[in-house]
Structure formats: structure tokens, C-alpha cells
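**Student:** Would you mind keeping the following structure in view while I ask a few things?
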Amino acid sequence: MNNPVHSFHIPVMGLAYTIDSPFKVARFGINSVLSIVEDRLVESMRNYYYQQANEPYIPITSQEDDYRVRRITDYLDLMNRTVQGQIDTLKNAAFETGSELVKYFEMLPDSSKLKSLYNKMAQSDDQTEKARLEHVLRSQIQPGSIDVNIMTKVDKNNLDKDGVVVDNGSDAIRALEGYAKSTLTNSSIIFSAGLNPRLFNYLENCPGFDAKGPGEFDKKVVIKVSDYRSALIQGKYLAKKGVWVSEFRVESGLNCGGHAFATDGFLMGPILDEFKNKKDELVNALFPLYTNALQLKGKPVFDEPHPIILTVQGGIGTHEEDQFLRQYYGAASTGWGTPFLLVPEATTVDNDTLGKLQNARQADVVLSKASPLGVRFYYLKGTTAEVEKLNRIHHGRAGSPCTEKHLVTNTEFTTEPICTASLQYQKLKLAQLKSLNLPAHEHHRLTAEVVEKECLCVGLSNAVSHVYGVPFLKKLHAVTICPGPNIAYFSKVASLAEMTDHIYGRTNLLTGPERPHMFVNELTQYLNYLKEQLVDLDLLDKKRVTYVKNFCRNLADGITYYQQLTPNVDESPAAQEAFSRGLAEAENRLRMLMQEFLPMLVAEAV
Numbered sequence: 001m002n003n004p005v006h007s008f009h010i011p012v013m014g015l016a017y018t019i020d021s022p023f024k025v026a027r028f029g030i031n032s033v034l035s036i037v038e039d040r041l042v043e044s045m046r047n048y049y050y051q052q053a054n055e056p057y058i059p060i061t062s063q064e065d066d067y068r069v070r071r072i073t074d075y076l077d078l079m080n081r082t083v084q085g086q087i088d089t090l091k092n093a094a095f096e097t098g099s100e101l102v103k104y105f106e107m108l109p110d111s112s113k114l115k116s117l118y119n120k121m122a123q124s125d126d127q128t129e130k131a132r133l134e135h136v137l138r139s140q141i142q143p144g145s146i147d148v149n150i151m152t153k154v155d156k157n158n159l160d161k162d163g164v165v166v167d168n169g170s171d172a173i174r175a176l177e178g179y180a181k182s183t184l185t186n187s188s189i190i191f192s193a194g195l196n197p198r199l200f201n202y203l204e205n206c207p208g209f210d211a212k213g214p215g216e217f218d219k220k221v222v223i224k225v226s227d228y229r230s231a232l233i234q235g236k237y238l239a240k241k242g243v244w245v246s247e248f249r250v251e252s253g254l255n256c257g258g259h260a261f262a263t264d265g266f267l268m269g270p271i272l273d274e275f276k277n278k279k280d281e282l283v284n285a286l287f288p289l290y291t292n293a294l295q296l297k298g299k300p301v302f303d304e305p306h307p308i309i310l311t312v313q314g315g316i317g318t319h320e321e322d323q324f325l326r327q328y329y330g331a332a333s334t335g336w337g338t339p340f341l342l343v344p345e346a347t348t349v350d351n352d353t354l355g356k357l358q359n360a361r362q363a364d365v366v367l368s369k370a371s372p373l374g375v376r377f378y379y380l381k382g383t384t385a386e387v388e389k390l391n392r393i394h395h396g397r398a399g400s401p402c403t404e405k406h407l408v409t410n411t412e413f414t415t416e417p418i419c420t421a422s423l424q425y426q427k428l429k430l431a432q433l434k435s436l437n438l439p440a441h442e443h444h445r446l447t448a449e450v451v452e453k454e455c456l457c458v459g460l461s462n463a464v465s466h467v468y469g470v471p472f473l474k475k476l477h478a479v480t481i482c483p484g485p486n487i488a489y490f491s492k493v494a495s496l497a498e499m500t501d502h503i504y505g506r507t508n509l510l511t512g513p514e515r516p517h518m519f520v521n522e523l524t525q526y527l528n529y530l531k532e533q534l535v536d537l538d539l540l541d542k543k544r545v546t547y548v549k550n551f552c553r554n555l556a557d558g559i560t561y562y563q564q565l566t567p568n569v570d571e572s573p574a575a576q577e578a579f580s581r582g583l584a585e586a587e588n589r590l591r592m593l594m595q596e597f598l599p600m601l602v603a604e605a606v
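Set out below in C-alpha cells:
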């Protein structure tokens, strides 16, 4: 298995924003992740990239059997052979200033042995030695991995023509099948949003995920988690089925983009520390279960566990933070998401939205309730999708046409599930609220919660129709985008080389106001979330009160952990002082919130 040439990766973002990132960055050795949940979007990209490849595009229509699986498989295969072709071209290119071959090596981290070899070649005056080194360098070129993401909760059942639920035909399973059938190797599937038993049960029967040898997989399994307990539970579930998890990808609960899954007040630093201290325990818990499952299946077993790596993403913004995560916690790679939304060479963002991202400030990115999944969702205000939503509300037509139906989960008014962002649901729900004759303030609050829901299937896909001019949906062109809070500190549209240089500390792209350390930023998001919970807290709800108390205690423990960690976070005394100051302000704010809303907890602590 190839070792990555870069120490960072580009995580999945929205639906459109990284849908074709591998076409753009894989030839430079950069790993990236695309979402395969929206097959209509995949079909639009097939249309576009077959034209780019000068190959005939043959549509796969929704009237055909297994169209969802076939669209996904074919798109991934097209992507795979295109990237392989790009690598072949790169290997045969000349080492000329400004060439992509030179760009490949110049973007490498300065600590890379390959970068050192490149510098030696560039500085050599011995033409024979120079030619030898050029040959060696070309032989070492490898693509970044083409990875895919499946959000496990996006798993609508599908019906056959007789209205019967199709066995193993749900959205997530079909997406997994499409990936499993692809020609991708040295690739990973990332499962996010928690354990989905039927999806994981299907995975058990996909031979492409079996180990070919010690630590050797064509297709690896990666689980995105927000804490160690989740990693242990999901890892054990899969190990019992003979499926090895090669990577646990830790993402901040609240300092991230897209859907946000707030932990019970557990902060990233303490979470990573638990992974660091319990890595051997995790491996030892999974390996016997995995071995036993292989034996029961009559498959080859291994003398040693396959490697398990830890990667981290969510709110990283500086070279120093990146280095610290890798050196102190042993992260094998760091995920840089939101900043790459400002890199057109890596992501697909339409010009109007790109301008809004450049001008975004902290108040423009909100932890909304816009997602029909009922999960909190980071949301950039002022987008064309928000304008369209508000116009519909103003004209008494709240809700969106539900064309894709990936997020249909509600059966409050219907036998078949419908989406809470749909015209159908919001019309029924608003009529119900009106009939209840609620007090004005309560009616207003509940109405606002209903109409806040927004169609994400279309909004997160539409950038491709603007950027590439490919068809997606007629008359539906509004765009939603979901950056993390980190976007407030990045305002410059950057080249791929510039962003890579920023990550590796060779330049600085931070343009916003003075930026606190990522751990302090996350702590701030948790305090904001806590205040929201406290304002709405019913003190008679004992279960909820207990939850909030534990949340506060975990935050306090996290602050104590960071106070002890301060000397390690940065070599700069000024940075350490700023970190300490941020912690002190957070500690004071936590105390004030507790005194205002939970005086009994303060009394217990005294």
C-alpha cells in the first residue's frame, strides 16, 4: 500500500463542492473525499467529464435497473482512469519551470524525503546525475487516493414498481454497492454519522474490503467519529463481521462544516488524548474479534493486527496547529476542509457563493436547524438558497419541491415518509399549528422552526450547474453552502499551491480578524451551544438537567486539560500567552453561565 506523499487531506464538503476534487488534485498526490449519495449529481458529472475525456457519454436514466449503482460505479471508474492517465502524462513531462511535474514536487512538505531528492536534482550541475535523479523522481510519483463518503443516516428505503421495499435497495446500501463494484484501489470509504446496522451488515459481504495481506487493502474502511467510545463500538461491530477499520477519523463536534454533532461537552483535545493513550487497547479489543470472524468464515487470518491510523479534522487553520496535531497526538493526516472552499483548483464553488465566502464574518456562519435530518447544520447566511426560501415564506409558499427524496424521514402526516423541508410537509405542519390556537409567541417560535428547514439535496448540489453548465434540475438553481466557523479567518481566493504552502508554513493566508487557537475556537462554539441549551432548559426536566450538568462538567474538565497542555501547543511565548488568555476568558464565561442558569451546580462544586 502506498504511503501518502502529503500529510493533509481534503474532506468531503457538501455534495457538489468536492464531487470532482480527485479530478483536480489527485495527480498531485493529494487525497480527497467525494460524496456519492446524490446520484443525479453524479450523473451530471458523468455528462461533463465524459466530454472532457473526449469519450462518448451514454446516459444512465432513472428508468433503468440499478441505475443508482451503475451511475456511481461508472463515475468512479471514469475518475480512476482519468487520474491514472494524468499520472502517466506527469511522469513523461519535462522538469520545466511552471510545469505540473515541477508543481507536484514543489508542493510537497519540506520534511519529505522526495522533496529533498527533488531539491538535490534541481541544484545538481552534473547532467548525468541530474538525469538519474529525474528518473528516480518520476518513478516515485503516485496519485492521491480517491475516497468516498457515505453519511450513514441518509438511507431511505426504495420501493419496486409494486410498492414493495427493495431488499438491500436503500440509498446508502446502493451507494456502497456502487463503490464496491468500482475499479478503485488504494481507496477508502468513509462512513459518517454513526452506526447503521443494515449498511454494516451489507459491508460484511463485499469481498473488496478483505485484506489481501498484512495491512494490504484495495478498499479500506474509515469511520468518522467524534469520540473514542463511538470508535470502539463501531470498530467492534465491524470486527465481529470480519471487517477491519483501517482509520478512525476524528472530527470536531462543533468546529466543523456541514452537519455538526455536538458531543456531551467533550472537547477535541481530551478526545484525541484518549485515542493517543488507548490506541493499543483499541487494537487489542478489535483484533481477536476480527480474527475469530475470519476463522468462522474460513478466510485467512493474520499473525498481527493490521495498522489502525488516527486522522483529525475540524477547524484547523495554521501550520502550527497542523504540526501539533500530528506530532503530539500522532495524527497520520489532518483534514483541511473549509479553507479549500476558496481554492477553485481543488473544489467546485460558483462565483456568487465564492464571493460570499470571501466576505463571510463570524456572524454570517450560524449553527442552524436548517437540515431536514434534525441534526444541527452550519449554514452561510445570504446565499441564493436562503433568499429563495425567504421569498417562498413571504409569499405563503413555505417549503421546497422535493425532487430527490434522499432525506425523507417524517411520517407525522403521511404513511410514506416525506421531507420536513418539503412544500407538502410544511403546508400540513403550519396548518396544524394554526389549528392549535397557541399563544402568539409560541406559535411564532414553532412556525419559525418549521420554515427554517431547507432542501439540502438540491442546494448543496447546484454549484455544478453554475460552474460547468451541466443540467441538474430545471428551474431550481439556488445554492446552499455549509462552511465551518473557520471561514471567517480566510478571505483570499487562493491557488492550490498557495493553500498547500499555507498548510506547510511557507506562507500565511489568514486574512480575517485575529484568530484564536483552534482548541479555543471549538471551546467558544461549545459555550455558545451551551448557552442555547440553558436558555431553553426546563428545570423540571430532570433528565435534561442531568445532561446539561454533565455537559458543564466536561467543559470544565476540558479547560483544565488545556491549561495543563499550554506549554506544548506552540513554541512561541506570545502564542502560549494568547492560548492561556483564551482559556481564562472561556473559564470565566462558563462560570457566569452556570451562575445565571444553574446556580445549584455552582453550589455543588464549592
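First residue of the sequence shown: 1, per the UniProt record's numbering; consecutive thereafter. Beta carbons are placed, not taken as given, at the ideal position from N, Cα and C, and that holds for glycine.
1) From His395 to Ala431, what does the alpha carbon distance come to, in whole angstroms?
2) Sort Phe200, Gln595, Ser111, Pro22 by Cα distance to Val83 and report the nearest one.
3) Starting from the N-terminal side, write out each stretch of the alpha helix (DSSP H) that is 4 residues or longer and does not extend beyond the segment 370 to 405.
4) Beta carbon of Pro109, beta carbon of Tyr504: below 7 Å?
5) CA-CA distance, Met268 and Val225?
6) Please report the Cβ distance between Leu598 and Cys552, rounded to the nearest whole angstrom; I am assuming they are in contact, meaning their Cβ atoms lie under 8 Å.
7) Under the rule that 16 or more other beta-carbon atoms within 10 Å means buried, what is Thr128, buried or exposed?
8) Taking 7 Å as the threshold (C-beta atoms), are Pro270 and residue 607 in contact?
9) Among Leu342, Gly258, Gly558, Glu532, which one has its Cα closest to the Cα of Val548?
10) Please check the pair Val464 and Leu41, which I expect to be a contact at CB under 8 Å, by giving their CB distance rounded to whole angstroms.
11) Taking the runs of the alpha helix (DSSP H) that are 4 residues or longer, which of them lie wholly in the segment 55 to 114?
12) Tell me whether Phe248 sits in a helix, a strand or coil according to DSSP, three-state version.
13) At the level of alpha carbons, what is the spacing between Gly98 and Glu274?
14) Using DSSP with H/G/I as helix, E/B as strand and the rest coil, what is Ile31?
15) Rounded to the nearest angstrom, how far is the Cβ of Pro207 from that of Val365, given a contact under 8 Å?
16) Let me confirm a value: Asp39 is counted as buried when at least 16 other C-beta atoms fall within 10 Å, else exposed. Which label applies?
17) Taking only runs that begin and end inside the segment 217 to 305, name each unbroken beta strand (DSSP E) of 3 or more residues, in chain order.
18) Would you report the Cα separation of Leu456 and Ala370, rounded to the nearest angstrom?
19) Expressed to the nearest angstrom, what Euclidean distance is found between the alpha-carbon atoms of Thr411 and Arg506?
20) Select from Leu555, Tyr118, Thr348 the residue whose C-alpha is nearest the C-alpha of Arg591.
21) Take Lys299 as the anchor and find which of Ala131, Pro56, Asp210 has the nearest alpha-carbon.
22) Exposed or buried, which one is Phe413 when buried takes at least 16 other CB atoms within 10 Å?
23) Grab me the residues of Leu539's own chain with a C-beta within less than 7 Å of its C-beta, minus the 5 sequence neighbours each way, in chain order.
24) Taking buried to mean at least 16 other C-beta atoms within 10 Å of its own C-beta, is Arg46 buried or exposed?
25) Can you give me the Cβ contacts of Val165 inside the same chain, cut-off strictly under 8 Å, excluding the 5 residues immediately before and after it?
26) Starting from Met151, trace the beta strand (DSSP E) both ways and give me its first and last residue.
27) Cβ of Gln234 less than 7 Å from any chain D Cβ?
28) Would you mind stating whether Leu176 and Leu76 have Cβ atoms separated by less than 7 Å?
29) How long is the line joining the alpha carbons of Asp264 and Leu436, rounded to whole angstroms?
30) Tell me the rounded alpha-carbon separation between Asn54 and Val479.
31) Within a Cβ cutoff of 7 Å, which residues of the same chain sit near Glu134, ignoring the five residues on either side of it in sequence?
32) Output needed for Asn168: all residues of its chain with C-beta closer than 7 Å, excluding positions within five of it in sequence on either side, in chain order.
33) Assign Leu528 to one of three DSSP states: helix, strand, or coil.
34) Tell me Phe340's beta-bridge partners as DSSP assigns them.
35) Could you please give the first and the last residue of the uninterrupted beta strand (DSSP E) stretch that includes Val312?
**Tutor:** According to the data block:
1) By 1-based counting over the sequence shown, the position of residue 395 is 395. By 1-based counting over the sequence shown, the position of residue 431 is 431. In a straight line, the C-alpha of His395 is about 16 Å away from that of Ala431.
2) On the sequence shown, position 83 is the one that residue 83 refers to. Sorting Phe200, Gln595, Ser111, Pro22 by C-alpha distance to the C-alpha of Val83 places Pro22 at the top.
3) Runs found: 384 to 394.
4) As a position in the sequence shown, residue 109 is number 109, starting the count at 1. As a position in the sequence shown, residue 504 is number 504, starting the count at 1. Yes, these two residues count as a Cβ contact at 7 Å.
5) Here the question's residue 268 lines up with position 268 in the sequence shown. Here the question's residue 225 lines up with position 225 in the sequence shown. Using only the alpha carbons, I get a separation of about 11 Å.
6) Start at 1 with the first residue of the sequence shown, and residue 598 comes out as number 598. Start at 1 with the first residue of the sequence shown, and residue 552 comes out as number 552. Indeed they touch by this definition, with Cβ atoms about 7 Å apart.
7) Against the sequence shown, residue 128 aligns to sequence position 128. Answer is exposed; the Cβ neighbour count stays below 16.
8) Residue coverage of the chain in this structure runs from 1 to 606, which leaves residue 607 outside it and unanswerable.
9) Along the sequence shown, one-based indexing puts residue 548 at 548. Between Val548 and the set Leu342, Gly258, Gly558, Glu532, the nearest pair of CA atoms involves Glu532.
10) Stepping through the sequence shown from its first residue, residue 464 is reached at position 464. Stepping through the sequence shown from its first residue, residue 41 is reached at position 41. Leu41 and Val464 do touch by the CB rule: their CB atoms are close to 7 Å apart, below 8 Å.
11) Look at the segment 55 to 114 and you find these whole runs of alpha helix (DSSP H), each 4 residues long or longer: 67 to 91, 100 to 106.
12) Mapped onto the sequence shown, residue 248 falls at position 248. In the three-state DSSP reduction, Phe248 falls in the strand class (E or B).
13) Taking the sequence shown and counting its residues from 1, one reaches residue 98 at position 98. Taking the sequence shown and counting its residues from 1, one reaches residue 274 at position 274. About 45 Å.
14) Working through the sequence shown from its first residue, we reach residue 31 at position 31. Residue identity differs from the one stated: residue 31 is Asn in this sequence, not Ile. In the structure shown, Asn31 sits in a strand (DSSP, three-state: E or B).
15) For the purposes of this step, residue 207 is identified with residue 207 of the sequence shown, where counting begins at 1. For the purposes of this step, residue 365 is identified with residue 365 of the sequence shown, where counting begins at 1. Between Pro207 and Val365 the beta-carbon gap is near 43 Å, outside 8 Å, which marks them as no contact.
16) Within the sequence shown, numbered from 1, the residue matching residue 39 stands at position 39. The residue is buried, with at least 16 neighbouring Cβ atoms inside 10 Å.
17) Fully enclosed beta strand (DSSP E) runs of 3 or longer: 219 to 225, 245 to 251.
18) The count along the sequence shown starts at 1 and reaches residue 456 at position 456. The count along the sequence shown starts at 1 and reaches residue 370 at position 370. Rounded to whole angstroms, Leu456 to Ala370 spans 9 Å at the Cα level.
19) Here the question's residue 411 lines up with position 411 in the sequence shown. Here the question's residue 506 lines up with position 506 in the sequence shown. Here the C-alpha atom of Thr411 lies approximately 54 Å from the C-alpha atom of Arg506.
20) Numbered from its first residue, the sequence shown carries residue 591 at position 591. Nearest Cα to Arg591 within the set Leu555, Tyr118, Thr348: Leu555.
21) The sequence position of residue 299 within the sequence shown is 299, counting from 1. Measuring C-alpha to C-alpha distances from Lys299 to each of Ala131, Pro56, Asp210 identifies Asp210 as the nearest.
22) Mapped onto the sequence shown, residue 413 falls at position 413. Exposed.
23) The residue given as residue 539 occupies position 539 in the sequence shown. Counting only Cβ-Cβ distances below 7 Å, and skipping sequence neighbours, we find Val545.
24) Taking the first residue of the sequence shown as 1, we reach residue 46 at position 46. So Arg46 counts as buried.
25) Taking the first residue of the sequence shown as 1, we reach residue 165 at position 165. Scanning its chain for C-beta atoms nearer than 8 Å, with the 5 sequence neighbours on each side dropped, one finds around Val165 the residues Asn157, Asn158, Leu159, in chain order.
26) Numbered from its first residue, the sequence shown carries residue 151 at position 151. Segment 146 to 151, the beta strand (DSSP E) holding Met151.
27) The structure shown contains no chain D; it holds only a single protein chain.
28) Taking the sequence shown and counting its residues from 1, one reaches residue 176 at position 176. Taking the sequence shown and counting its residues from 1, one reaches residue 76 at position 76. Not in contact: Leu176 and Leu76 (Cβ atoms no closer than 7 Å).
29) For the purposes of this step, residue 264 is identified with residue 264 of the sequence shown, where counting begins at 1. For the purposes of this step, residue 436 is identified with residue 436 of the sequence shown, where counting begins at 1. Distance between the alpha carbons of Asp264 and Leu436 is about 34 Å.
30) Translated into the one-based positions of the sequence shown, residue 54 becomes position 54. Translated into the one-based positions of the sequence shown, residue 479 becomes position 479. Going from the Cα of Asn54 to the Cα of Val479 covers about 29 Å.
31) Here residue 134 corresponds to residue number 134 of the sequence shown, with the count starting at 1. For Glu134, where only same-chain residues beyond five positions count, the Cβ hits under 7 Å are Phe95, Met121.
32) Your numbering for residue 168 matches position 168 in the sequence shown. Contacts found: Tyr202.
33) Taking the sequence shown and counting its residues from 1, one reaches residue 528 at position 528. Here the sequence assigns Asn to residue 528, which means Leu is not the residue at that position. DSSP places Asn528 in helix when its eight states are reduced to three.
34) Taking the first residue of the sequence shown as 1, we reach residue 340 at position 340. Checking the DSSP bridge columns, you'll see Phe340 has no partner listed.
35) As a first step, residue 312 must be located in the sequence shown, where it is residue number 312. Segment 309 to 313, the beta strand (DSSP E) holding Val312.
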